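Q:
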Amino acid sequence: GLDNLGIDGLRIAYLAGLELGSSERLSLLAAHDGDIEVLRYLFERRGVDKVISKADRDRVFCAAVMRQHVESVRFLLKRGFSATTRCEQIVDSLSLLSWAVMHRDMNLVKLFLEDEATLSVSDIEPYKHPLFVAIVMKHLPSFKAIMKNRKLLANPVVGDRSALYEIVKDKD
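Numbering-wise (this note's numbering), the sequence shown opens with residue 507 and increments by one.
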């Protein structure tokens, strides 16, 4: 069947007029492969994002994030997906921003910091806060980007920022 075709095979099958199965599956494959053209087609022309369930929306978004497909993530954020999504695959329920910091992916860090929804981190434990993840990972670029974000720093978890900077400044 079509199960082992991958995104290129599905694209060919679609053009040949074959039944592809669910739009959810195709959008998940496109997000996983970072195929922005297929995502655009599915979401802008077919309106898939309006008919799939929240769980499927989350899976599509998480697939793009976890494969670090920045352009796909940017596209999905513009389509109303949220950087506060919790992904089942992420250990310890880290926020997507904390996950991006942990993986030292500054493109995703910057993208998530631009997304206002990312700033609602007051409900997470202190050790999961993106700033503390940056310290533990000794990743100065993430640390500096987060330190510039006043809304994120307003979180009571953060505390004394000057002491935090001393911990991380010479580590990267």
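The beta carbon of each residue, even a glycine, is placed where N, CA and C say it ideally should be.
All values reported here derive from a predicted model rather than from experimental measurement.
Should ALA569 and HIS609 be called a contact, given that it needs their Cβ atoms to be closer than 7 Å?
A: Taking 7 Å as the Cβ cut-off, ALA569 and HIS609 do not qualify as a contacting pair.
Q: Pick out whichever of SER599, VAL566 and ALA589 has its Cα sitting closest to the Cα of LYS616.
A: Of the candidates SER599, VAL566 and ALA589, the one whose C-alpha sits nearest the C-alpha of LYS616 is ALA589.
Q: Please give the ranges of any beta strand (DSSP E) in the region 555 to 625, keeping only runs that are unbroken, at least 3 residues long and fully inside the region.
A: Counting whole runs of 3 or more residues, the region 555 to 625 contains no beta strand (DSSP E) stretch at all.
Q: Look at the Cβ atom of VAL557, then the Cβ atom of LEU548, and state whether they are nearer than 7 Å.
A: No.
Q: Thinking ASP564 and GLU530 are a contact (beta carbons under 8 Å), I'd like their distance in whole angstroms, please.
A: So it is not a contact: roughly 11 Å between Cβ atoms.
Q: Suppose the cutoff is 7 Å on Cβ atoms and the five residues either side in sequence are ignored; what does the same chain contact list for THR591 look like?
A: Here the set comprises ASP564, PHE567, CYS568 and LEU602.
Q: Exposed or buried, which one is SER628 when buried takes at least 16 other CB atoms within 10 Å?
A: Confidence in SER628 is poor, its pLDDT being 48 and thus under 50, which makes the residue's placement too unreliable to answer from.
Q: Expressed to the nearest angstrom, what Euclidean distance is found between the alpha-carbon atoms of ASP611 and GLN574?
A: About 8 Å.
Q: State the start and end residues of the unbroken alpha helix (DSSP H) segment that holds ASP539.
A: Unbroken alpha helix (DSSP H) run through ASP539: 529 to 539.
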